[in-house]
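A.B. asks: After the structure tokens below, expect a handful of questions from me.
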Amino acid sequence: MREVVVVGAGLAGVRAAGSLRDEGFDGRLTVVSDERELPYDRPPLTKQVVAGTMTGDDIRLAGDGEFGARWIRGTAAVGLDRERRRVRLADGVELPYDGVVLAPGAKAREWPGAGVPGGVLTVRGLADVRRLRAAVDGGADEVVIVGAGFVGVELASSLSGLGVKVTLVEPFGAPLRALGGTVSQVVTEAAGRAGVALRLGVGVRGFAAAGDGRVRAVVLADGAEVSASLVVVAIGMVPATGWLAGSGLALPSGRIHCDERLFARVAGGVGGTAGAGAADPAVVVAGDAACCEAVRTVEGPVPLEHWSNAAAQGELAGRNLLAGPAAAEPYVHVPSFWTAAFGLRIRSVGLPGTGDREVVEAGSVAEGAVLVAHYLGERLVGAVSVNQGKLLPGYARRLG
13 MREVVVVGAG
23 LAGVRAAGSL
33 RDEGFDGRLT
43 VVSDERELPY
53 DRPPLTKQVV
63 AGTMTGDDIR
73 LAGDGEFGAR
83 WIRGTAAVGL
93 DRERRRVRLA
103 DGVELPYDGV
113 VLAPGAKARE
123 WPGAGVPGGV
133 LTVRGLADVR
143 RLRAAVDGGA
153 DEVVIVGAGF
163 VGVELASSLS
173 GLGVKVTLVE
183 PFGAPLRALG
193 GTVSQVVTEA
203 AGRAGVALRL
213 GVGVRGFAAA
223 GDGRVRAVVL
233 ADGAEVSASL
243 VVVAIGMVPA
253 TGWLAGSGLA
263 LPSGRIHCDE
273 RLFARVAGGV
283 GGTAGAGAAD
293 PAVVVAGDAA
303 CCEAVRTVEG
313 PVPLEHWSNA
323 AAQGELAGRN
333 LLAGPAAAEP
343 YVHVPSFWTA
353 AFGLRIRSVG
363 LPGTGDREVV
373 EAGSVAEGAV
383 LVAHYLGERL
393 VGAVSVNQGK
403 LLPGYARRLG
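This is how it looks when you write it as structure tokens:
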């Protein structure tokens, strides 16, 4: 193996490139990114970078001189020819490979309706955060955030800390609902104490524009209008895999299906979309765009969009690509996640959203500090702590 291409320069791609060199790969290594930015860490974006306590320079992962690699920045991959072993770029260049790491990550989900006015943003990358801060610094003092998942809650916390009037709209009922009702209640109460207005359980019909074409309000499903000088749409992410159409890889739900050793599956099911085919020994997958057979519930494989997963998969993808399928290691990883918002430090292990009941095993909602275990029947499937992080390692050991 003399030519390896890594598509994606986020955490998973950078860890894969580093792992390849650490494992002794001394051939030509090319890292492709559609962003012009040097690689950077994403978790601080919606927290410290928005808040102004960190800059883009503080969150760098690697530079152009790292890993003895050729870095191609600001040019997207637009095609994968597995038969000829080529990655095609938007500028027409084709990169030959003996092995390729697919770590393209994900994009922010755009608002699905037409006629979106100016001042309606999504936040996924460093350029998005810079636009957001420029708008706030320029006088946008009423911000409506649509979606109270992790990104929406983190942004609401950071912006309210800057003195911005924030309204958080969640059509499906509660903030961070994936972590269960108890944690949602703690977060809801903390957001209220921080001065964030909450509109829960009501959908969004669209946006109203001022005469200059910029947003002036969010129109809710009940007809009410929430005044806004800026809107952030935080309704999830979409795997950045559209460019892989026609590659022959299995792409269920838009994610790249891979086996337990992270080798990409070839499409082999009904309609060519299921992941039942053989694995391609020259293609490994890591990060947000992966759907790995080693991470599963009783219903099948599940994707993970966590920092720890991207780091661990990236490192293993590099090792396994060099080792080959016969000597490759299976991916063994207890999922974990952490965030901070409204003075709460929230951590999880396992897959808490896959249980059928939750049990408060320490603390309480009233204390604003709680440990919630999630069970499927009698089996522990996950746990979430809010300001009770010292208790979580014991649950991680039970899950491992």
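Position one of the sequence shown corresponds to residue 13 (my numbering), numbered consecutively onward. C-beta atoms are modelled at their ideal positions from N, C-alpha and C, and glycine is treated no differently. These numbers come from a predicted model, not from an experiment.
1. Taking the alpha-carbon positions, what's the D368 to G151 distance?
2. Grouping DSSP H, G and I as helix and E and B as strand, with all else coil, what is P364?
3. In whole angstroms, what is the alpha-carbon distance linking V398 and E311?
4. Buried or exposed: E370, going by 16 or more other Cβ atoms within 10 Å of its Cβ?
5. What separation, rounded to the nearest whole angstrom, lies between the Cα atoms of T134 and A338?
6. Classify A324 as helix, strand or coil using the three-state DSSP reduction.
7. Start and end of the beta strand (DSSP E) containing P187?
8. Bridge partners for E370 per DSSP, in chain order?
9. Is V176 buried or exposed, if buried means 16 or more other CB atoms sit within 10 Å of its CB?
10. Examine chain D for any beta-carbon lying closer than 8 Å to the beta-carbon of P293, and answer yes or no.
11. Look up R85 in the DSSP assignment and give the residues it is bridged to.
12. Taking E15 as the reference, which of A102, G39 and G22 has the closest Cα?
13. Hey, how far is the Cα of V155 from the Cα of A246?
14. Taking A329 and V296 to be in contact with their CB atoms under 8 Å, please state how far apart those CB atoms are, rounded to whole angstroms.
15. Would T179 and V238 qualify as a contact pair, given that the criterion is a beta-carbon distance under 8 Å?
16. Please classify R96: is it buried, with 16 or more other beta-carbons within 10 angstroms of its beta-carbon, or exposed?
17. Rounded to the nearest angstrom, what separates L242 and V208 at their Cα positions?
18. Taking all protein chains shown into account, decide if M249 is buried (16 or more other Cβ within 10 angstroms of its Cβ) or exposed.
19. Is I247 helix, strand or coil by DSSP?
20. Spatial neighbours of A252 within its chain, please: C-beta separation below 7 Å, excluding the five flanking residues on both sides.
21. Using DSSP bridges, identify the partner residues of R226.
22. Is A335 helix, strand or coil by DSSP?
23. Go through its chain and collect everything with a Cβ distance to G213's Cβ below 6 Å, but skip five positions before and after it.
C.D. replies: Reading it off the structure:
1. In a straight line, the C-alpha of D368 is about 46 Å away from that of G151.
2. In the three-state reduction of the DSSP assignment, P364 falls in the helix class.
3. Going from the Cα of V398 to the Cα of E311 covers about 28 Å.
4. Buried, by the Cβ-count rule.
5. Near 43 Å, if we compare the C-alpha coordinates of A338 and T134.
6. Note: A324 maps to helix in three-state DSSP.
7. Annotation for P187: no beta strand (DSSP E) segment contains it, and DSSP assigns it neither H nor E.
8. Answer is H386.
9. Answer is buried; the Cβ neighbour count reaches 16.
10. Among the chains of the structure shown, chain D does not appear; only one protein chain is present.
11. Note: R85 sits in a beta bridge opposite S45.
12. Taking only the C-alpha atoms, the option nearest E15 is G39.
13. One C-alpha to the other measures close to 12 Å.
14. Yes, A329 and V296 are in contact; Cβ-Cβ is about 4 Å, under 8 Å.
15. Yes, Cβ-Cβ distance for T179 and V238 is below 8 Å.
16. So R96 ends up on the exposed side.
17. Going from the Cα of L242 to the Cα of V208 covers about 15 Å.
18. Result: buried.
19. Coil, per DSSP.
20. The answer, listed in chain order, is P116, G117, A118, K119 and A301.
21. DSSP lists G130 as partners of R226.
22. Helix at A335.
23. G185.
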